[in-house]
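Take a look at the structure below.
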């Protein structure tokens with residue numbers, strides 16, 4: 258038990274004793290000194306059950322006397338619900354006879370005679386804030402610092418050495434804005450005469466960077482200067498400490514929250530470990546850095562390895578006891594690109610660009626808690642190697658392990674921001690959609706989420722043979738396969754040690770280099786017997802997966818954005834180059850003069866590639882799921898075309914649906930049409946109702962029937978919602994038979 262818990266327990270026991278004496282029936286003697294019998298007419302007994310007849314016996318633990326603290330006619334020793342609120346909780350003792358009080362706060366912290374559940378201002382400073390608990394009876398104390406950090410009995414805002422370590426250092430709260438909180442003890446860790454919380458280089462690492470005022474060589478600050486605020490709802494207490502959010506368009510955002518320890522040094526290519534707790538208030542007001550990856554727009558590699566953070570949005574107007582559905586999003590990018598802050602436009606380095614997955618409007622408009630996260634990518638997230646198997650019993654899929662740990666974080670902490678851990682919807686797009694699918698089949702993710710939505714991706718994994726080939730090529734490229742002096746092959750452990758010693762950017766750059774012959778997406782999820790136990794479609798068909806309501810679907814023309822300048826005359830050449838001996842059959846199924854192409858070579862080729870790689874594999878996946886789960890599978894096709902695109906006839910391409918789901922039509926990035934606003938509202942209704950109930954629905958919207966093997970219903974989503982059957986049946990039968 259920590260010191261904070263011990264202090265609270267001591268306070269609770271003191272209050273219990275006082276109330277017990279005050280409220281005990283007259284026939285019972287309350288003998289604190291044990292100079293006479295505890296019960297009238299009876300000799301003294303060991304009534305607290307500690308095995309000794311002593312001066313504690315007048316007070317109640319396991320007492321045989323019938324104290325009745327809440328006056329409900331049942332003695333304390335047999336009454337499990339003494340305040341009569343229907344459940345046994347921490348307010349049993351101090352709320353006394355105030356019946357029907359339910360509170361997550363412990364008793365009457367400020368001893369003002371009002372139970373915490375009824376007292377909105379327990380320290381009497383005129384507003385409800387994080388110093389309510391520890392500042393105790395010191396009235397009129399207002400502070401943005403959290404309570405009494407060092408448990409020395411002095412409220413932080415009055416205590417010059419709050420952690421009690423004998424000097425004023427980076428874990429202090431008080432050096433912020435009040436000069437009276439100074440002392441003759443040094444105010445700064447690196448002795449540069451500048452207060453730690455405002456010093457550019459407070460950790461003494463020689464660099465003016467954003468990890469100052471916290472651990473040496475850290476990539477991120479665990480405790481940042483906390484702005485003054487009187488809005489208590491911006492604070493949330495999670496298992497690693499107190500965090501402070503910001504208000505954004507009707508929501509409260511907590512950005513850049515660490516959910517595991519940084520995967521650096523010896524933690525590279527290891528299962529994630531718990532994030533460290535912090536002292537003070539974590540200022541969760543900025544997005545995290547993205548994980549190492551190539552930037553397709555710049556042709557460069559960027560990012561940092563210390564990237565495992567998540568972002569949370571919750572409605573600003575939620576009720577104190579309101580428990581809302583939770584939507585956890587996994588970003589796309591083929592598991593080698595992307596982040597929780599992937600921009601709508603521009604490059605990853607363009608921090609002024611609006612993030613595609615910003616959750617404030619989805620949270621506020623849909624009354625849900627939204628979570629986005631980073632996870633390890635590419636070679637850093639999915640490398641397999643015998644040396645790693647020797648260490649843990651398995652290897653690869655570290656990115657999926659990160660996602661599982663983020664879901665565990667949600668289970669532990671989401672109630673602190675108004676979320677319901679029993680109604681967690683996991684949804685993802687492209688590579689993130691594949692990960693959702695794989696986690697639905699993973700025994701390691703069982704019970705961590707209860708609904709799933711997979712956007713724009715078939716569910717597959719990399720063959721292990723391919724993983725071995727790409728691994729060996731990378732080992733050779735990084736000079737980690739053989740001893741340079743003797744040309745003898747290094748042991749598995751030596752190879753892993755060599756790779757752990759390489760720079761993260763260098764590793765990603767090597768994978769992306771054309772001479773190496775590796776595609777950027779070469780490292781992907783692989784069957785490992787731990788996270789992934791088999792081929793997803795087979796697991797679905799056999800029923801061996803985590804059953805839950807699911808949404809699955811694709812956009813009208815997934816790859817329309819990739820090929821935009823193919824003429825009708827060039828179209829056959831593209832097909833021949835792509836399909837070789839099967840080209841004639843493909844051209845027969847998809848002739849350039851087909852009605853949906855109208856002679857447009859780009860649209861024809863985009864349709865072929867979209868059907869082959871996304872639309873038809875997803876349709877087959879839906880059939881596999883429907884074979885064992887026909888009642889709560891919902892299939893969609895998204896067709897709303899952005900009014901801002903230059904090629905409106907090409908259809909809705911990859912990621913388009915996310916602009917509507919994340920409510921960008923209501924933001925500043927688009928000048929939306931009425932049709933686009935309708936589609937945005939419909940997406941919001943369907944997806945948030947699914948998160949809440951497991952059934953997508955909405956007032957006045959088309960009824961979305963489940964997809965089964967007989968009727969194969971799907972919802973066509975645009976400004977005219979339609980329930981249709983057998984999506985792309987002819988084209989998909991062609992690909993199934995090819």
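In the working numbering, the protein residues as written are 258 to 995.
C-beta: ideal position from N, C-alpha, C; glycine also.
Predicted, not measured: the structure shown is a model, and the values here were computed from it.
Below 9 Å between beta carbons: does that hold for residue 549 and residue 562?
-> Your numbering for residue 549 matches position 292 in the chain shown. Your numbering for residue 562 matches position 305 in the chain shown. Yes, these two residues count as a Cβ contact at 9 Å.
Look at the Cβ atom of residue 960, then the Cβ atom of residue 897, and state whether they are nearer than 9 Å.
-> Here the question's residue 960 lines up with position 703 in the chain shown. Here the question's residue 897 lines up with position 640 in the chain shown. Residue 960 places its beta carbon 9 Å or farther from that of residue 897.
Is residue 637 near residue 761, with beta carbons less than 9 Å apart?
-> Locating residue 637 in the chain shown gives position 380, counting from the first residue. Locating residue 761 in the chain shown gives position 504, counting from the first residue. A contact, by the Cβ cut-off of 9 Å.
Which residues in the same chain have their Cβ closer than 8 Å to the Cβ of residue 791, if we skip the five residues on either side of it in sequence?
-> Here residue 791 corresponds to residue number 534 of the chain shown, with the count starting at 1. Within the same chain, Cβ atoms closer than 8 Å to the Cβ of residue 791 are found at 698, 784, 801, the five residues on either side in sequence being excluded.
Span separating the alpha-carbon of residue 628 from that of residue 496 | Numbered from 1 along the chain shown, position 371 holds the residue referred to as residue 628. Numbered from 1 along the chain shown, position 239 holds the residue referred to as residue 496. About 17 Å.
Check residue 643 in the structure and name its three-state DSSP category.
-> Taking the first residue of the chain shown as position 1, residue 643 is located at position 386. Residue 643 falls in the helix class under three-state DSSP.
Take residue 827 as the anchor and find which of 529, 780, 849 has the nearest alpha-carbon.
-> Working through the chain shown from its first residue, we reach residue 827 at position 570. When C-alpha distances from residue 827 are compared across 529, 780, 849, the shortest belongs to 849.
Measuring CB to CB, does residue 679 end up less than 9 Å from residue 707?
-> Here residue 679 refers to the residue found at position 422 of the chain shown. Here residue 707 refers to the residue found at position 450 of the chain shown. Cβ distance < 9 Å, so residue 679 and residue 707 count as in contact.
Do you know whose CA, among 861, 798, 873, 741, lies nearest residue 1033's CA?
-> This structure gives no information on residue 1033, because the portion of the chain shown stretches from 258 to 995.
7 Å CB neighbourhood of residue 745 in its chain, flanking five on each side removed = For the purposes of this step, residue 745 is taken as residue 488 along the chain shown, with counting starting at 1. Contacts found: 739.
Do residue 832 and residue 914 have their C-beta atoms closer together than 9 Å?
-> Residue mapping note: residue 832 aligns to position 575 of the chain shown, counting from 1. Residue mapping note: residue 914 aligns to position 657 of the chain shown, counting from 1. Against a cut-off of 9 Å, the Cβ pair of residue 914 and residue 832 comes out as no contact.
Pairwise C-alpha distance: residue 788 and residue 658 | Numbered from its first residue, the chain shown carries residue 658 at position 401. Numbered from its first residue, the chain shown carries residue 788 at position 531. Going by the C-alpha atoms only, they are around 8 Å apart.
What whole-angstrom Cβ distance do residue 894 and residue 971 have, given they're in contact under 8 Å?
-> As a first step, residue 894 is located in the chain shown; it is residue number 637 there, counting from the start. As a first step, residue 971 is located in the chain shown; it is residue number 714 there, counting from the start. About 6 Å separates the Cβ atoms of residue 894 and residue 971, confirming a contact at the 8 Å cut-off.
Classification of residue 729 by the beta-carbon crowding that lies within 10 angstroms, buried from 16 upward | The residue given as residue 729 occupies position 472 in the chain shown. Classification of residue 729: exposed, given that the 10 Å Cβ count is below 16.
Extent of the continuous beta strand (DSSP E) run through residue 708 = Within the chain shown, the letter at position 451 stands for residue 708. Residue 708 -> beta strand (DSSP E) spans 708 to 712.
Identify which residue in 545, 648, 567, 675 has its Cα closest to the Cα of residue 492.
-> The sequence position of residue 492 within the chain shown is 235, counting from 1. Closest option to residue 492, Cα to Cα, is 675.
Spatial distance of residue 875 from residue 648 (CA atoms) | The residue labelled residue 875 in the question sits at position 618 within the chain shown. The residue labelled residue 648 in the question sits at position 391 within the chain shown. Distance between the alpha carbons of residue 875 and residue 648 is about 36 Å.
Rounded to a whole number of angstroms, what is the C-alpha to C-alpha distance between residue 591 and residue 718?
-> Position 334 of the chain shown, counted from the first residue, corresponds to residue 591. Position 461 of the chain shown, counted from the first residue, corresponds to residue 718. If I take the Cα positions, the gap works out to 11 Å.
Just checking my contact of residue 966 with residue 807 at CB under 8 Å: how many whole Å lie between their CB atoms?
-> Taking the chain shown and counting its residues from 1, the one referred to as residue 966 is at position 709. Taking the chain shown and counting its residues from 1, the one referred to as residue 807 is at position 550. Incorrect: roughly 15 Å between the Cβ atoms, too far for contact.
Given a threshold of 16 other Cβ atoms within 10 Å of its Cβ, counted over all protein chains shown, does residue 921 qualify as buried or as exposed?
-> Locating residue 921 in the chain shown gives position 664, where the first residue counts as 1. Buried.
For residue 788, which three-state DSSP category applies?
-> The residue you call residue 788 lines up with position 531 of the chain shown. In this structure, residue 788 counts as coil in the three-state DSSP scheme.
Over what stretch of residues does the beta strand (DSSP E) that includes residue 539 continue unbroken?
-> Working through the chain shown from its first residue, we reach residue 539 at position 282. That run of the beta strand (DSSP E) goes 538 to 540.
Boundaries of the alpha helix (DSSP H) in which residue 1004 is found, first to last residue = Residue 1004 cannot be examined here, being either before or after the span of the chain that is shown, 258 to 995.
Given residue 882, which residues of its chain have a CB within under 6 Å of its CB, disregarding the five upstream and five downstream residues?
-> Counted from its first residue, the chain shown places residue 882 at position 625. Counting only Cβ-Cβ distances below 6 Å, and skipping sequence neighbours, we find 797, 890.
If you check the beta carbons only, do residue 926 and residue 860 fall under 9 Å apart?
-> Here residue 926 refers to the residue found at position 669 when the chain shown is read from its first residue. Here residue 860 refers to the residue found at position 603 when the chain shown is read from its first residue. No, these two residues do not count as a Cβ contact at 9 Å.
Identify, in the order they occur along the chain, each residue of the same chain with its Cβ nearer than 6 Å to the Cβ of residue 712, setting aside the five sequence neighbours on each side.
-> Translated into positions along the chain shown, residue 712 becomes position 455. So the list reads 686, 690, once near-sequence residues are dropped.
Between the Cα of residue 543 and those of 551, 514, 519, spot the shortest distance and give me the residue it belongs to.
-> In the chain shown, counting from the first residue as 1, residue 543 sits at position 286. For the residues 551, 514, 519, the minimum Cα distance to residue 543 belongs to 514.
For residue 616, the nearest candidate out of 899, 751, 692, 570 (CA to CA) = As a first step, residue 616 must be located in the chain shown, where it is residue number 359. The residue with the shortest Cα to Cα distance from residue 616 is 570.
Whole-Å CB distance - residue 955 paired with residue 929, under 8 Å assumed | Within the chain shown, numbered from 1, the residue matching residue 955 stands at position 698. Within the chain shown, numbered from 1, the residue matching residue 929 stands at position 672. Their Cβ separation, rounded to whole angstroms, is 19 Å, which puts residue 955 and residue 929 out of contact at 8 Å.
Applying the criterion that 16 or more other CB atoms from any shown protein chain within 10 Å of the CB defines a buried residue, is residue 909 buried or exposed?
-> In the chain shown, counting from the first residue as 1, residue 909 sits at position 652. Buried, because 16 or more other Cβ atoms sit within 10 Å of the Cβ of residue 909.
What distance in whole Å lies between the Cβ atoms of residue 986 and residue 911, which are believed to be in contact at a cut-off of 8 Å?
-> Here residue 911 refers to the residue found at position 654 of the chain shown. Here residue 986 refers to the residue found at position 729 of the chain shown. With 8 Å as the limit, residue 911 and residue 986 do not qualify as a contact, their Cβ atoms being about 22 Å apart.
Kindly indicate the opening and closing residues of the alpha helix (DSSP H) around residue 944.
-> Residue 944 sits at position 687 when you count from the first residue of the chain shown. First-last of the alpha helix (DSSP H) with residue 944: 931 to 950.
DSSP three-state call for residue 985: helix, strand or coil?
-> Counted from its first residue, the chain shown places residue 985 at position 728. If DSSP states are grouped into helix, strand and coil, residue 985 belongs with coil.
Out of 995, 681, 509, point me to the one whose CA is closest to residue 842's CA.
-> Counted from its first residue, the chain shown places residue 842 at position 585. Ranked by Cα distance from residue 842, the first of 995, 681, 509 is 995.
Tell me, please, which residues DSSP counts as bridged to residue 590.
-> For the purposes of this step, residue 590 is taken as the residue at position 333 of the chain shown. According to DSSP, residue 590 bridges with nothing at all.
Which term fits residue 721, buried or exposed, when burial requires 16 or more other beta carbons within 10 angstroms of its beta carbon?
-> As a working note, residue 721 is residue 464 in the chain shown. It counts as exposed.
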